[in-house]
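Student:
In our numbering, the protein residues as written are 488 to 1442.
1. With DSSP collapsed to three states, give me the class of residue 728.
2. To which residues of the same chain is residue 765 closer than 6 Å at the C-beta, ignoring the five residues directly before and after it?
3. Using the C-alpha atoms, what's the distance from residue 905 back to residue 973?
4. Got a sec? Which residues, its chain only, sit under 8 Å from residue 1195 by beta carbon, not counting five neighbours each side?
5. Hey, which unbroken runs of the beta strand (DSSP E) at 3 residues or more fall wholly within the segment 537-581?
6. Per the DSSP calculation, residue 837 is bridged to which residue(s)?
7. Can you tell me which of 1164, 1146, 1193 puts its alpha carbon nearest to the alpha carbon of residue 1133?
8. Does residue 756 pass the burial test, meaning 16 or more other C-beta atoms within 10 Å, or should it be called exposed?
9. Skipping 5 residues on each side, what residues in its chain have a beta carbon closer than 6 Å to that of residue 1080?
10. Quick one: using the 10 Å Cβ neighbour count with 16 as the cut-off for buried, is residue 808 buried or exposed?
11. Classify residue 992 as buried or exposed, calling it buried when 16 or more other Cβ atoms lie within 10 Å of its own Cβ.
12. Looking at the structure shown, is residue 1117 part of a helix, part of a strand, or coil, going by DSSP?
13. Where does residue 1238 fall in DSSP's three states?
14. So the candidates are 1163, 1203, 1166, 1189; which of them puts its Cα closest to the Cα of residue 1180?
15. Which residues in the same chain as residue 608 place their Cβ atom closer than 6 Å to its Cβ, once the five residues preceding and following it in sequence are excluded?
16. Roughly how many angstroms lie between the CA atoms of residue 1188 and residue 639, to the nearest whole one?
17. What number of angstroms, rounded off, separates the C-alpha of residue 878 from the C-alpha of residue 1040?
18. Verify whether the separation of the beta carbon atoms of residue 571 and residue 617 is less than 8 Å.
19. Output yes or no for whether 8 Å exceeds the beta carbon distance between residue 1107 and residue 842.
20. When the Cα atoms are used, what is the spatial distance from residue 1026 to residue 1036?
21. Is it right to say residue 816 is buried, meaning 16 or more other beta carbons lie within 10 angstroms of its own, or is it exposed?
22. Residue 779 to residue 800, Cα distance in whole Å?
23. To the nearest angstrom, report how far apart residue 654 and residue 530 are at their CA atoms.
24. If you draw a straight line from the C-alpha of residue 951 to the C-alpha of residue 908, how long is it?
25. What are the start and end residues of the beta strand (DSSP E) that includes residue 1131?
26. When we look at the beta-carbon of residue 1167 and count the other beta-carbons within 10 Å, is it buried (16 or more) or exposed?
27. Assuming residue 699 is part of the alpha helix (DSSP H), what are its boundary residues?
28. Tell me the rounded alpha-carbon separation between residue 1087 and residue 775.
29. When you compare the CB positions of residue 966 and residue 979, do they come within less than 8 Å of one another, or not?
30. Once the 5 residues before and after residue 731 are set aside, which same chain residues still bring their CB inside 8 Å of it?
31. Can you tell me the Cα-Cα spacing of residue 927 and residue 826, whole angstroms?
32. Alpha helix (DSSP H) containing residue 963: first to last residue?
33. If you run the structure through DSSP and keep just helix, strand and coil, what is residue 1277?
34. Near residue 1142, what residues of its chain come up, given a Cβ to Cβ distance below 6 Å and the 5 sequence neighbours on each side ignored?
35. What are the partner residues of residue 933, as DSSP defines its beta bridges?
36. Whose C-beta lies closer than 6 Å to the C-beta of residue 1105 among residues of the same chain, with five residues either side of it excluded?
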C-alpha cells in the first residue's frame, strides 16, 4: 500500500513537472548576458559546472571562473593555462583540466586552493595535450584528453590508452562513450574500450554529443552529419528540420532539458532547442539575444536555466520563463506603440506604420513581419471592436483586413476609441482636434458619423461616467467634462478643471475606469471627483495600498478585477479580487522596466492567461500560468568572502567556515550571495549575535562592514527573501575576535605574577608606610595635644585677661562713679556754703537792721575757708588719679607751664562738668570759668576747630 502511495505521489510530481516545463515557441526566453567586462576574465568559456551549494564554475581562457549570483571570482592555474574542462563532486572539490595539467580545487586554510594530480601518474606517463572532459562517477573521476583516458580512484590514477586519437568522452547516466577517430564509437567498460557495432554509420565527422533518448535509446549528435537515434542495435538519422539546421551550422555540443527537450549549440548560428520528435521549439542566436553565435559549452542546471559558454561571453537562458521576447534587432519596424493578435496574425503598430506576420503559438518563432501598404506613419492604437480590427493612425482611422487597410475616418490622430456606456452602438474617439462619433451598422460594421461639434481640444484620454458625461484628458491643460446632446453630435456644456478645483497640476492628468469608478492619475497619486463640492480629492485608500504604483500614469484592464498599472516605465499586475485587499505583482515584470514607450504603453489580452506586451523594439508574450520557480526549496545564502578592511583589503576566508581574527584586524567585510540565478528581487537580512540587538532591515546590499569589533565570539546570522515572499533558512557564520596581545593568556599570567609581586611589595611598602605614618600620627597627635594645651592656656589667659579687664573696667567705673559722686558732693557743699554766705548777708538784728560786716566777717571767713579747703581737692585729686591714671603726669609732661588751678580745670573738663559746676568747685564766677578756659586753650595750644573737652578726653 505504501509503495502505491509513493508511486501515486511520484506520478503527481512528474505530471506537474511536465505541465510546468513547457518551452514556448513564440519569441525567445529571457536571456541574461554576462560579458567579459562583467565577469573580468577571458573571452572563451569552454565548460560549465555547478556544485551542491549552487555555485557556478566555468572553464575560462584565463583560468577557473566562479559565479554565485552576485560575485564573480577568477582563479588562475599554476602556469596560467586555459581551463578546458570542469566538474564538481559532492565533497566540495572542483576538478579542472587544461594543457598538460589536471587536478582539483578544494578549500585549504579557508581559501580555494589548487591541488595537482600529475604526481599520481604511473611512472613514465606524461600528459602532453589538453584535458577536454571530466566526469565524476561515484567515487572515481574520469579525465579525458585526445590521447588517453585517466581514471582517478582511491588516490591512484590508471590510464586507458588507445592506438588512435580519441575525440570526446560522453556520459549517459552510468555509461561512457567515446569516439576513436576512424575506428567508430566505443563504450568505456571498466578500464577497456568496447566497440559499438555499426557505429561507422555515424560517419567520420566527429561525435560531439550523446544524450539519453526515449525508450532507453541514445540521441547522438555529430559535427556535420546531424542527429542519429541509437536503439541499442541500429543508428538511424533523425530526419527533421532540426537535423538540416545542425548540419548547416555545425553542431558543437548538446544537453538535455527538462526531461523532454534537447538544446544543441552550434559553431555558426547560436543554438536550437528541439523536442523528442526533432521539432524545433526555439532558435536562439545573436539576433535574438545571444552575445555570440559560437557555442563552446552548454549546461542545464536544476533551476531551469540553460547556461551557454560562448566564444565571447557567458549567457543564461531562462527556460520556462513567463516572459518570452521578440526583438527587432535589425530596426525593421522602428518603435512599437501597439500590438495585437487578430485572426491568426500578429500586428505591430509602430512609428513607421502597421506591420503584420502570420501567427501560430504552436510553431517555431519564425515571424516574418511585413508593412501593410498605405499604413506608413505613426500608429497610435490597435483595438478589436466586435470582431473588427481598428487602427488609430496619425492620418486617420482604418479598418484592417489581413494584409490591407481601409479608411473609416480621415480625422487626424486617432488616439483612443471607446464604446459609450449609455449606448454601446455608438463609440467616441479622441483625436488631435477633439472627438469623433462612430456607429456600429449591422452588416457594415463600424462607420464614422461626424466630428462632434463644440469642442476641438486634443483628446488623449476619454471616459464616460455614470451620468453620461464625457471626461477628456488634455496632455497639458487639465481636464474637461463635456455634456453631449441626445444624438451625441454636439457638446452643449463644457466644464474645465485645473488646480483651482483640487487637481495637483495641469500636466499629464489621465482618466481611467477602475472597477466602474472614474479615477484620475497624476504624479502625486490617484484622485476622484466629488460632484457636490465640484472638487477633486486624493484617493487615499487606493494610493496607500498601491504604494509606489500610486503614481502610475497608465492603467490597462487585464481581465476581471485585474489591471496593469504602469508607473513611468515600471509595470505591475494588480488583482482586486479579494475584498479590501490588493495583490501587486511587479517583481517578475522588472525585465520590462524602461522598455515600453512612456505614456503610450500597450498590453493586449490574447487569452485568459496570455498577454501581448508592446516594447520599444518588439513585443513580449506573458503567460501567467507559466511556473516561474522550479526549485521547491530556495538554496541557502552563502558566505562568499571575509575581507580584512583594517588598512588594506585582504581576503581572510572564502568559505564561511569558523574563523579566528587577531584583535589588530578587527575591521571586516562579510560578502554574501544567494545562488539563485533567475530574474528575481533578492533582499538580505542579517543579525550579528554579540553585537546587534535585532535583525537588520531587509536590503539588497550583499555585503556588510563591521568595524572596531571588541574581542569575543560572534555569530553572523543571514537569510534572504525572494520577491518579497519566500524566505531562506538562516545561514550562520561563526567567528572570534581574539583578545589583544596584552590580554592573551601569557599576558594574563605575566599580569598575575606582576600583580602578586606588586601585591607583596605593596604590602611591605604599606607596612613600612603604616609604621612611619603611625609615628607621624603619634607626633602629630602629640603636637596637636600640645597645640590644644597651648590654645587652652591662651584661651585661659585671655579669659583671665578678659576677667581682669572686666574687673579693672568695673573698678574704673566704680572709681569714676565715686569720683563723680565726690565731685558732685563738693559741688553741692560749695553751693550750700555759697547759699549760706548769701543768707548771712541778709541776716538782721532785733531792730531789723542788717548785721555789720564785723559781725558776719568771721562767719564768712569760715564759709570761704570751707569752700577753698585744699583737703577736698587732694581727696578729689587722688580719686581722679585712680580713675584716670597718669592723666596729670602726661599733662604736666606735655605742658609744664600749667599751674594747679589749670590742672583742676583740666580735671573738671575731662569729667565733662558744666561751667556752673566748675564755677562752684573753683569758687569763681561763670565769667571767671570762661576766662580760665580761654587761657587754658592757649596754654594747651588746642586748635580752633577742636573742642577743649574732647581734646582733654583724648589725652
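Glycine is no exception: its CB is placed at the ideal position from the N, C-alpha and C atoms.
Tutor: Looking at the coordinates:
1. Residue 728 falls in the helix class under three-state DSSP.
2. Counting only Cβ-Cβ distances below 6 Å, and skipping sequence neighbours, we find 725, 727, 729.
3. Going from the Cα of residue 973 to the Cα of residue 905 covers about 18 Å.
4. So the list reads 1153, 1154, once near-sequence residues are dropped.
5. Taking only runs of at least 3 residues, the beta strand (DSSP E) segments lying wholly in the segment 537-581 are 543-547, 550-554, 559-562, 572-575.
6. 823.
7. Of 1164, 1146, 1193, the residue nearest in Cα terms is 1193.
8. Buried: at least 16 other Cβ atoms inside 10 Å.
9. So the qualifying residues of the chain are 1056, 1057.
10. Buried.
11. If you draw a 10 Å sphere on the C-beta of residue 992, you find fewer than 16 other C-beta atoms in it, and that means exposed.
12. Confidence is the limiting factor: at residue 1117 the pLDDT is only 47, short of 50, which leaves the residue's position unreliable, though a coordinate-based value still follows. Coil at residue 1117, not helix or strand.
13. Helix at residue 1238.
14. Between residue 1180 and the set 1163, 1203, 1166, 1189, the nearest pair of CA atoms involves 1203.
15. Result list for residue 608: 644, in chain order.
16. Roughly 42 Å between the two C-alpha positions.
17. Rounded to the nearest whole angstrom, the C-alpha separation of residue 878 and residue 1040 is 23 Å.
18. Yes, these two residues count as a Cβ contact at 8 Å.
19. Taking 8 Å as the Cβ cut-off, residue 1107 and residue 842 do not qualify as a contacting pair.
20. Looking at the two C-alpha atoms, the distance is approximately 13 Å.
21. By the Cβ-count criterion, residue 816 is exposed, with fewer than 16 other Cβ atoms from all chains shown falling within 10 Å of its own Cβ.
22. Taking the straight line joining both Cα atoms gives about 7 Å.
23. The alpha-carbon atoms of residue 654 and residue 530 are separated by roughly 24 Å.
24. If I take the Cα positions, the gap works out to 7 Å.
25. Where residue 1131 is concerned, the enclosing beta strand (DSSP E) stretches over 1125-1131.
26. The residue in question, residue 1167, is buried, as its Cβ has 16 or more Cβ neighbours within 10 Å.
27. In this chain, residue 699 is not harboured by any alpha helix (DSSP H); it is covered by the beta strand (DSSP E) spanning 694-699.
28. Each residue's alpha carbon lies about 25 Å from the other.
29. Taking 8 Å as the Cβ cut-off, residue 966 and residue 979 do not qualify as a contacting pair.
30. 713, listed in sequence order.
31. When only Cα atoms are considered, residue 927 and residue 826 end up about 23 Å apart.
32. No alpha helix (DSSP H) contains residue 963, which DSSP labels as neither H nor E.
33. If DSSP states are grouped into helix, strand and coil, residue 1277 belongs with the helices.
34. So the list reads 594, 597, once near-sequence residues are dropped.
35. Paired residue(s): 927.
36. The residues are 813, 814, 815.
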